[in-house]
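Residue numbering for the sequence shown follows my numbering, beginning at 51 and increasing consecutively.
Idealized CB from N, CA, C, for every residue including glycine.
Reviewing the structure listed below.
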Amino acid sequence: MEAPADALEAGRRALALAQWALARESFETVLVADDSAEAREGLGLALWFLGDVAAAIDSRSRAFELYAEAGRCGDAARTAVWVSHQHVVGGRTSAARGWLGRAERVLDAESECEGHGWVAVEKARHATDLEERIAHGLRAVDIARRFHAGDLAIFALSVVGRARVEAGHVEDGLLLLEEAMAGATGGQVGNVHTLAEAYCNLILASTSAGDWVRANEWCQHVDAFARTHTAAPLFGTCRGVHADVLFATGHWVEAEQALDTSLVTLEGCLPALAEPSVTSLAELRLGQDRLDEAEALLAGREESPSALRVLALLRLAQHRPETAVVLLERALRQAAGGVVGRARVLLTLVEARVELADLTGARAAAQELTELAHASGISVATAQAELAHGRIAHAEGRTTDAAERARAALSGFSDLAMPVDAAEARLHLARALLDDAPDVSEDEARTALAVFERLGAIRSAEAAHAFLGTAGAAGSRARHLAPLTPREQEVLELIAQGLSNAAIATSLVISEKTAGHHVSHILTKLGVHNRTEAAARLNRR
51 MEAPADALEA GRRALALAQW ALARESFETV LVADDSAEAR EGLGLALWFL GDVAAAIDSR
111 SRAFELYAEA GRCGDAARTA VWVSHQHVVG GRTSAARGWL GRAERVLDAE SECEGHGWVA
171 VEKARHATDL EERIAHGLRA VDIARRFHAG DLAIFALSVV GRARVEAGHV EDGLLLLEEA
231 MAGATGGQVG NVHTLAEAYC NLILASTSAG DWVRANEWCQ HVDAFARTHT AAPLFGTCRG
291 VHADVLFATG HWVEAEQALD TSLVTLEGCL PALAEPSVTS LAELRLGQDR LDEAEALLAG
351 REESPSALRV LALLRLAQHR PETAVVLLER ALRQAAGGVV GRARVLLTLV EARVELADLT
411 GARAAAQELT ELAHASGISV ATAQAELAHG RIAHAEGRTT DAAERARAAL SGFSDLAMPV
471 DAAEARLHLA RALLDDAPDV SEDEARTALA VFERLGAIRS AEAAHAFLGT AGAAGSRARH
531 LAPLTPREQE VLELIAQGLS NAAIATSLVI SEKTAGHHVS HILTKLGVHN RTEAAARLNR
591 R
């Protein structure tokens with residue numbers, strides 16, 4: 051049998067080469083002869099990347115006990131921090147807080163050491179306030195540099211960089227993240243887990259900043275790393291984030307494939323990490339007009355921060371704007387997703403409030419979105435703010451302003467290589483031009499339709515098709531309402547009075563669900579986008 055010292059060294063070499071099974075075998079050989087803290091810690095890391103999460107946590111937990119018993123408090127604190135983090139990613143926040151407490155407690159009688167830096171960086175990851183997160187992270191960076199702790203320095207720098215991006219300091223944050231990655235890939239990291247976390251922080255920050263070019267570049271790096279290192283948790287998470295990039299940049303087929311891979315990988319080992327991928331797949335299904343499938347994916351996720359906006363989009367598709375507003379306001383209170391996440395929620399809130407003819411509320415949401423865009427300097431938020439104001443201008447009958455705003459949004463989304471969003475802005479431009487320039491309006495709508503059809507955005511394509519029916523009628527100067535049933539005519543008149551679905555149901559003694567179906571059919575027949583446009587069409591007859 052191999053000597054324990056030799057087996058321990060073989061396990062360390064195997065970890066460095068990402069040979070997880072060989073590492074597990076080597077560390078298990080050590081443990082037959084000696085319950086070694088180093089072997090327990092190494093075994094925990096190998097098991098983590100093999101996807102055996104429970105066993106990985108158990109092994110690292112035992113390593114903590116052994117380090118603490120030996121008086122190696124810094125090593126004990128570092129190990130406890132990793133256990134805490136593994137509980138976080140597994141969705142067990144109470145256990146995570148408990149392990150962070152253990153990491154702090156084991157250092158009570160110790161003078162400042164590297165272990166205090168590991169506690170600080172984990173406090174940063176637990177913090178919900180961004181400034182608090184940055185402060186803890188900077189303390190960890192300082193300790194790491196004074197104690198020449200390469201892994202800690204890289205890790206802490208990446209945590210600070212991501213927090214600064216989410217706080218709106220985008221370029222500064224991304225530069226810190228790229229500095230961390232340069233060090234990580236330049237041999238300053240001894241633990242592959244640290245390298246994996248630095249990768250994740252960079253791609254998540256790039257995505258949250260709406261920097262799709264940078265995000266795509268790093269997603270490809272992480273994809274290659276995760277494949278060659280057979281890192282199940284990292285690969286599943288990476289594919290999920292990469293799917294969001296593909297979705298935003300119009301590669302919907304590839305996005306669906308990436309989401310499928312992510313879900314298969316994560317649901318087996320870390321189901322809590324799979325939730326964002328489930329939500330992203332539901333949003334893709336919405337775009338494909340597969341509402342029943344989106345509903346099934348989102349079932350039971352009404353309290354999940356990552357799902358609230360997509361749930362609201364589903365309710366808007368079902369013509370239930372009141373419910374959408376409730377969900378979106380909850381999403382804003384929970385403040386999930388950083389600047390880009392909040393911007394997306396605010397844009398959807400504008401749409402929902404316009405749908406309800408609550409233009410005062412829509413203007414308030416649009417103004418917050420504008421202020422957010424200005425403060426952060428994030429280009430995608432600026433384009434979204436232009437689109438939001440354009441929607442409101444159109445609802446108020448200010449078609450010239452609506453067209454200018456739509457053009458600005460179209461330019462912004464085009465510069466960001468976001469073809470579906472650009473086509474949505476183009477369709478809004480077509481709506482704004484319908485009365486004053488019907489031929490141009492029709493051309494813009496057909497251009498948008500071609501993009502939707504090419505990329506598989508079926509729901510948006512159907513909206514463009516419906517609008518083109520209206521545009522064609524306008525071009526002939528013979529605008530008429532599409533044929534409505536007598537009941538639909540009644541519902542349209544109530545819509546024009548500003549009644550909600552619930553109020554329409556009460557007035558006509560029907561269910562709210564039936565009222566919603568009538569509203570949906572009316573919008574489709576009239577080729578309009580929302581209730582405000584439907585009411586305006588009735589008033590122009």
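Below 8 Å, enough C-beta pairs join the stretch 198-205 and the stretch 226-234 to call them touching: three or more.
For the options Ala482, Ala472, Asp485 and Ile508, the alpha carbon positioned closest to that of Thr497 is the one of Ala472. For Ser354, no alpha helix (DSSP H) run applies, since DSSP gives it neither H nor E. One alpha carbon belongs to Gly506, the other to Trp302, and they sit about 7 Å apart. Contact between Arg392 and Leu406 does not hold, since their C-beta atoms are separated by about 21 Å, which reaches or exceeds 8 Å. Assignment of alpha helix (DSSP H) within the stretch 316-401, counting only whole runs of 4 or more residues, yields 325-337, 341-348, 358-367 and 371-384 in chain order. Its Cα nearest to that of Asp84, the residue Leu116 stands out among Leu116, Val171 and Ala146.
DSSP, reduced to helix, strand and coil, places Pro54 within a helical segment of the structure shown.
With contacts defined as CB atoms closer than 8 Å, Leu313 and Ala305 fail to qualify as a contacting pair. Ranking Ile184, Gly141 and Arg110 by CA distance to the CA of Ala153 puts Arg110 first. Taking C-beta atoms as the reference points, Val139 and Phe114 fail to come closer than 8 Å. Rounded to the nearest whole angstrom, the CA to CA distance from His135 to Leu296 is 28 Å. Remark: fewer than three beta-carbon pairs, one from each stretch, lie closer than 8 Å, so the stretch 184-192 and the stretch 354-361 are not flagged as touching. Of the candidates Arg175, Leu180, Glu172 and Cys123, the residue whose Cα lies closest to the Cα of Asp158 is Cys123. Closest in C-alpha terms to Ser356, from the list His369, Thr432 and Gln384, comes Gln384. His198 counts as exposed, since fewer than 16 other beta carbons sit within 10 angstroms of its beta carbon. Going by C-alpha positions, Asp485 is about 43 Å away from Ala255. With fewer than 16 other beta carbons inside 10 angstroms of its own, Thr535 counts as exposed. With fewer than 16 other CB atoms across the displayed protein chains lying within 10 angstroms of its CB, Lys563 is exposed.
Burial check for Asp342: the Cβ neighbour count within 10 Å stays below 16, so the residue is exposed. A residue is called buried when at least 16 other Cβ atoms come within 10 angstroms of its Cβ; Asp294 meets this threshold and is buried. Positions of the beta strand (DSSP E) runs, each at least 3 residues long and wholly inside the stretch 432-456, cannot be given because no such run exists.
Cα atoms of Leu409 and Leu479: separation of roughly 19 Å, rounded to the nearest angstrom. The continuous alpha helix (DSSP H) containing Ala170 extends over residues Glu164 to His176. The continuous stretches of alpha helix (DSSP H) do not include Ala407, and DSSP gives it neither H nor E. Contact check between the stretch 210-223 and the stretch 250-265: three or more CB pairs, one atom from each, fall below 8 Å, which counts as touching. Proximity to Ala445 across Val490, Ala402, Leu366 and Ala71 peaks at Ala402, based on C-alpha coordinates. Around the beta carbon of Asp125, 16 or more other beta carbons lie within 10 angstroms, which makes this residue buried. Glu583 carries a helical assignment under DSSP once its states are collapsed to helix, strand and coil. If the five residues before and after Leu397 are omitted, its C-beta is found closer than 7 Å to the C-beta atoms of Leu419, Gln434, Leu437 and Ala438, all from its own chain and listed in chain order.
In this structure, Ala190 and Ala217 do not form a Cβ contact; the two beta carbons are roughly 17 Å apart against a cut-off of 8 Å. Contact check for Ala332 and Leu347: beta-carbon distance about 4 Å, within the 8 Å limit, so the pair qualifies. Spanning the alpha carbons of Leu399 and Leu227 requires a straight line of approximately 32 Å.
The criterion of a C-beta distance shorter than 8 Å is satisfied by Val390 and Ala431. By the neighbour-count criterion, in which a residue is buried when 16 or more other Cβ atoms sit within 10 angstroms of its Cβ, His424 is exposed.
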